[in-house]
Amino acid sequence: MSTKLDKKTSDLAAERKIASHKILLENDEMIVTHWVFKPGEQTGWHLHEMDYMPIQLSEGKLMFEFPDGSTNEIDYVPRTASIIKAPLEHNAINTSNMDVIALEIEFKK
């Protein structure tokens, strides 16, 4: 699982709740996490040390914050996916007025 950056989250984003998440599967090859972001909730700052694949299960918008201060807002489209290369440090925030639901598959190999 990605490395949580708790100090950075408490310093920069303590006013937001952390989105609900549950590890569905972990083995030698991958970690599969189910995420549900209520409006305004965040992942908290974290560092992906493994390549990963987010799979959007709902509509909505997530805004990604990066260490250099830049942001990128993504419109979620159900049943779409992408591959993200590690390392990547960021925080993701639900900026829509609906729940955003996703699976995250982190590849250990």
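Residues 2 to 110 in this note's numbering are what the sequence shown lists, from first letter to last.
Every residue gets a Cβ at the ideal spot worked out from N, C-alpha and C, and that includes glycine.
Notebook entry, point to check: Using a C-beta cutoff of 8 Å, does H22 count as contacting chain D?
Noted result: Going by chain labels, chain D is absent from the structure shown, which holds only one protein chain.
Note to self: For M54, list the residues DSSP reports as bridge partners.
What the structure shows: In the DSSP output, where bridge partners are listed per residue, M54 has I106.
Check: Rounded to the nearest angstrom, how far is the Cβ of T44 from that of N92, given a contact under 8 Å?
Finding: T44 to N92, Cβ: 6 Å. Contact.
Next item on the list: Give the C-beta separation of I19 and L58 to the nearest angstrom, bearing in mind that I take them to be a contact with Cβ-Cβ under 8 Å.
Entry: Not confirmed; about 19 Å, so no contact.
Notebook entry, point to check: Between T111 and the rest of its own chain, which residues show a CB-CB distance below 6 Å, the 5 nearest in sequence each way excluded?
Noted result: Past the edges of the chain, shown from 2 to 110, lies residue 111, and the structure says nothing about it.
Next item on the list: State buried or exposed for F67, treating a residue as buried only when at least 16 other CB atoms are found within 10 Å of its CB.
Entry: Exposed, by the Cβ-count rule.
Item checked: Candidates I106, E30, P55, of which the one nearest V78 by Cα -> When each option's Cα is compared against that of V78, the closest is P55.
Checklist line | Per DSSP, cross-strand counterpart(s) of D76 | finding: Residue pairing for D76: DSSP places it in a beta bridge opposite K62.
Notebook entry, point to check: From what residue to what residue does the beta strand (DSSP E) around T34 run?
Noted result: Where T34 is concerned, the enclosing beta strand (DSSP E) starts and stops at 31 to 38.
Item checked: Expected contact under 8 Å - CB spacing of W46 and E105 to nearest Å -> Taking C-beta atoms under 8 Å as the contact rule, W46 and E105 fail to qualify, at a distance of about 16 Å.
Notebook entry, point to check: Where does I11 sit, in a helix, a strand or coil, going by DSSP?
Noted result: This sequence places Ser at residue 11; Ile is not what is there. In the structure shown, the three-state DSSP call for S11 is helix.
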